[in-house]
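Numbering (my numbering), first residue to last: 22 to 201.
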Amino acid sequence: MVQRMEELRLVVSIPFKKNNAIFLSEKDFEFTLAFDLKWFSPKIASKVKYRALEVGLLSLNKGALTPAFDVEGIRLPNTFKPSENFLESQDNSGGNLAPIKEDISFEQVLEFIAKNTGVNRQKLVSEMNSMQERLSYLVDIRIVALFMARKFECDIEAIFEKVSRSVLNISFELISGDVL
22 MVQRMEELRL
32 VVSIPFKKNN
42 AIFLSEKDFE
52 FTLAFDLKWF
62 SPKIASKVKY
72 RALEVGLLSL
82 NKGALTPAFD
92 VEGIRLPNTF
102 KPSENFLESQ
112 DNSGGNLAPI
122 KEDISFEQVL
132 EFIAKNTGVN
142 RQKLVSEMNS
152 MQERLSYLVD
162 IRIVALFMAR
172 KFECDIEAIF
182 EKVSRSVLNI
192 SFELISGDVL
């Protein structure tokens, strides 16, 4: 049986091998896992990406994911497919891996904004997609959602810190404290 960390390394390597790429956009990485390989739902594929970032198997720079290990050196078993409880086994690894960070999904941010502005979700998503395209997809969609919330005069105080932690993976106190 493949060890937990090795299983994650195998899973992370496959989108790069399949696309013959040294870097991939976050969307291409998740798309490969969810739709090309049909291994995970899009939500789980996103969690795999976050897990790999947390444990240092991937790095993210200007929207591009790069493996932090030699993908070419990975040899895949012919019948490799991640176990069904792949992420659960990562979560219950007895401290071998860092826990998945507290995260807020785009869906949760969108729901919050829709409820607090009364603006139709479809209109919000359309405007967010347009803004993200203007920003060349360099800004996380949850941050774009916060911009859109402000446009529609939505008070974002209740979710701002959680989105900040999720996207930046840093403590809000570092941003707002007297350290500056």
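A virtual CB, placed ideally from N, CA and C, is assigned to each residue, including glycine.
Quiz item: Would the beta-carbon of K68 fall within 9 Å of that of L108?
Solution: Counted from its first residue, the sequence shown places residue 68 at position 47. Counted from its first residue, the sequence shown places residue 108 at position 87. Going by C-beta atoms, K68 is nearer than 9 Å to L108.
Quiz item: If you run the structure through DSSP and keep just helix, strand and coil, what is S248?
Solution: Within the shown structure, residues of the chain are numbered from 22 to 201, placing residue 248 beyond reach of any answer.
Quiz prompt | N150 versus M169, A135, E132, residue with shortest Cα-Cα distance | solution = Indexing the sequence shown from 1 puts residue 150 at position 129. Of the candidates M169, A135, E132, the one whose C-alpha sits nearest the C-alpha of N150 is M169.
Self-check item: Three CB pairs or more closer than 8 Å across the region 163-179 and the region 124-144
Solution: yes
Quiz item: According to DSSP, which residues form a beta bridge with S80?
Solution: Position 59 of the sequence shown holds residue 80. Answer by DSSP bridge pairing, in chain order: T87.
Exercise. State whether the region 60-74 contacts the region 22-42, with contact taken as three or more CB pairs (one from each stretch) at a distance under 8 Å.
Key: yes
Practice problem: Just the C-alpha distance for R25 and L167, rounded to the nearest angstrom, thanks. | Solution: The residue you call residue 25 lines up with position 4 of the sequence shown. The residue you call residue 167 lines up with position 146 of the sequence shown. About 36 Å.
Practice problem: From the DSSP output, in three-state form, read off L145 for me. | Solution: For this step, residue 145 is matched to residue 124 along the sequence shown. Three-state DSSP puts L145 in a helix.
Quiz item: Among V188, P103, E28, which residue has its Cα nearest to the Cα of L159?
Solution: By one-based count along the sequence shown, residue 159 stands at place 138. Checked all of V188, P103, E28; the closest Cα to L159 is V188.
Quiz item: In three-state terms, what does DSSP make of A46?
Solution: Along the sequence shown, one-based indexing puts residue 46 at 25. Just to set this straight, residue 46 is Ser in the shown sequence, not Ala. The answer is strand: DSSP assigns S46 an E or B state.
Quiz prompt | C-alpha distance - I121 paired with V76, whole-angstrom precision | solution = As a first step, residue 121 is located in the sequence shown; it is residue number 100 there, counting from the start. As a first step, residue 76 is located in the sequence shown; it is residue number 55 there, counting from the start. With a pLDDT of 38 at I121, under the threshold of 50, the predicted position of this residue should be treated as unreliable, though the coordinate-derived value follows. Approximately 10 Å, taken between the alpha carbons.
Quiz prompt | Whole-angstrom distance between I164 and I134, CA atom to CA atom | solution = By 1-based counting over the sequence shown, the position of residue 134 is 113. By 1-based counting over the sequence shown, the position of residue 164 is 143. Roughly 12 Å separates the two Cα atoms.
Self-check item: First through last residue of the alpha helix (DSSP H) which encompasses V188
Solution: The residue you call residue 188 lines up with position 167 of the sequence shown. Looking at the DSSP string, the run of the alpha helix (DSSP H) that includes V188 is 178-189.
Self-check item: Whole-angstrom distance between K136 and F52, CA atom to CA atom
Solution: If you number the sequence shown from 1, residue 52 lands on position 31. If you number the sequence shown from 1, residue 136 lands on position 115. One C-alpha to the other measures close to 29 Å.
Self-check item: Three-way DSSP call (helix, strand, coil) for S126 in this model
Solution: Along the sequence shown, one-based indexing puts residue 126 at 105. In the structure shown, S126 sits in coil (DSSP, three-state: anything other than H, G, I, E or B).
Exercise. Could you tell me whether the Cβ atoms of S80 and E28 are closer together than 9 Å?
Key: Here residue 80 is taken as the residue at index 59 of the sequence shown, counted from 1. Here residue 28 is taken as the residue at index 7 of the sequence shown, counted from 1. No, these two residues do not count as a Cβ contact at 9 Å.
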